[in-house]
Amino acid sequence: IVLLLMIDYSFLLLVAYLIVFHVIFVLFVWTYWKSIFTLPLQPDKKFHMSYADKERYENEERPEVQRQILVEIARKLPVYTRTGNGAIRFCDRCQLIKPDRCHHCSVCAMCVLKMDHHCPWVNNCVGFSNYKFFLLFLMYSLLYCMYIAATVFKYVIKYWTDELTNGRSKFHVLFLLFVAVMFFLSLMFLFGYHCWLISRNRSTLEAFSAPVFQNGPDKNGFNLGFKKNLQQVFGEEKKLWLLPVVSSQGDGHSFPMRMLCESQNPLLANEEQWGDDGLDEENH
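Per full-length UniProt numbering, the sequence shown starts with residue 1, numbered consecutively.
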């Protein structure tokens, strides 16, 4: 009876291992697939210059007049960020007024809404359309490596204590543990960095160069507080957070800004609402 119970326990443990493994593996592949094949979103047509405006802009040789033409066009658009010298953000390659947080990707050869970075590992530009998928891909990759390392580690101990003696499988197990641990450590730092970016509502590009508004640069310009920052990426439906389905807020063309939210509700200016960074007093 004891032997049968041991056999049943081992079988159930094996089944549990297989179920957990395949659940993580499916989510890992699913999020990787979505990160690769979700096309980056480009700005809407209303941000493109009309033929008449384009002709007027190109025929004008005076830079100050060109800047004024862009200002006139941008008045009709929800654009609040500026270049370092205060001019309207304009892409001369795509011939459009850049929406807030939009950048031109030289690899994809197009402007990408809320561009974070171009990732060679997924061979795609990470932006508004697939940033959630990319984050979930990092998370499930991390869980996958951690699960492999945890389930293999006991066999490494058995080989170390000479409970198992097969030389070929010993090399395979040691190599598998080494690869899983190395990838786990690499992904842990990358995933942790993006978690920090989400908590501050910044993209990778904005972390290196603060967005510039009419009042000057403000690294916390889009920081609405941890909860709202999280909802902006994952949405309000918590049941969809861990699934690679579209749930992000907005359309990628415009984003709530801290200064506008504070003007509507002064209580949001409380430093505790914004976490460790607090408010940027120079731009408040």
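The C-beta atom is built at its ideal place from N, Cα and C for all residues, glycine as well.
Quick one: what does DSSP say G216 is sitting in, helix, strand or coil?
-> Residue numbering aside, residue 216 sits at position 216 when the sequence shown is read from its first letter. Strand at G216.
Q | Alpha-carbon spacing of L113 relative to L18, whole angstroms | A | As a first step, residue 113 must be located in the sequence shown, where it is residue number 113. As a first step, residue 18 must be located in the sequence shown, where it is residue number 18. In this model, L113 and L18 are separated by some 40 Å (Cα to Cα).
- Task: Evaluate R82 with the Cβ neighbour count: other Cβ atoms within 10 Å of its Cβ, from every protein chain shown; 16 or more gives buried, anything less gives exposed.
- Result: Walking along the sequence shown from the start, residue 82 turns up at place 82. With at least 16 other beta carbons inside 10 angstroms of its own, R82 counts as buried.
Could you pull out every residue in the same chain whose Cβ sits closer than 6 Å to the Cβ of C125, ignoring the five residues on either side in sequence? Start at 1 with the first residue of the sequence shown, and residue 125 comes out as number 125. Taken in chain order, the residues that qualify are P40, C105, C108, V112, H118.
**OP:** Just grab the DSSP bridge partners of residue 287 for me.
**Re:** As displayed, the chain neither begins before 1 nor continues past 284, which places residue 287 out of reach and without an answer.
Could you check whether L136 and L242 sit closer than 8 Å to each other, using their CB atoms as the reference points? Sequence index remark: in the sequence shown, residue 242 carries index 242 (1-based). Sequence index remark: in the sequence shown, residue 136 carries index 136 (1-based). In this structure, L242 lies near L136, with their beta-carbon atoms less than 8 Å apart.
Secondary structure, alpha helix (DSSP H): runs of 4+ residues fully inside the stretch 203-253 = Unbroken alpha helix (DSSP H) stretches of 4 residues or longer found wholly inside the stretch 203-253: 204-208, 226-234, given in chain order.
* Given a cut-off of 8 Å, decide if A207 and V217 are closer than it, judged by their beta-carbon atoms. => The residue given as residue 217 occupies position 217 in the sequence shown. The residue given as residue 207 occupies position 207 in the sequence shown. Strictly speaking, residue 217 in this sequence is Pro, with Val absent from that position. A207 sits away from P217, with the two beta carbons spaced by 8 Å or more.
Going by Cα to Cα distance, which pick from V79, F25, K227, K154 is closest to W196?
The residue you call residue 196 lines up with position 196 of the sequence shown. For the residues V79, F25, K227, K154, the minimum Cα distance to W196 belongs to K227.
message: Distance check for V122 and Y32, CA to CA, integer angstroms please.
response: In the sequence shown, counting from the first residue as 1, residue 32 sits at position 32. In the sequence shown, counting from the first residue as 1, residue 122 sits at position 122. In a straight line, the C-alpha of Y32 is about 7 Å away from that of V122.
So if DSSP puts I97 in a beta bridge, which residue, or which two residues, is it bridged to? Translated into the one-based positions of the sequence shown, residue 97 becomes position 97. Paired residues: F90.
Assuming the contact rule is C-beta atoms closer than 8 Å, M115 and L205 should be a hit. Round their C-beta distance to whole Å, please.
Here residue 115 refers to the residue found at position 115 of the sequence shown. Here residue 205 refers to the residue found at position 205 of the sequence shown. M115 to L205, Cβ: 6 Å. Contact.
**Asked** Thinking C-beta only, is I97 closer than 8 Å to F47?
**Response** Your numbering for residue 47 matches position 47 in the sequence shown. Your numbering for residue 97 matches position 97 in the sequence shown. When the beta-carbon positions are compared, F47 and I97 come within less than 8 Å of each other.
Notebook entry, point to check: With a Cβ-Cβ cutoff of 8 Å, do N201 and Q232 count as a contact?
Noted result: Locating residue 201 in the sequence shown gives position 201, counting from the first residue. Locating residue 232 in the sequence shown gives position 232, counting from the first residue. Yes, the pair counts as a contact, with Cβ atoms nearer than the cut-off.
Quiz prompt | beta strand (DSSP E) runs wholly inside the stretch 6-30, at least 3 long, in chain order | solution = The stretch 6-30 is shown to contain no whole beta strand (DSSP E) run of 3 or more residues.
Which whole-angstrom value is the C-beta distance of P78 and S254, which I expect to be below 8 Å? Reading the sequence shown from its first residue, position 78 is the one you call residue 78. Reading the sequence shown from its first residue, position 254 is the one you call residue 254. Contact between P78 and S254 is confirmed by a C-beta separation of about 4 Å, below the 8 Å threshold.
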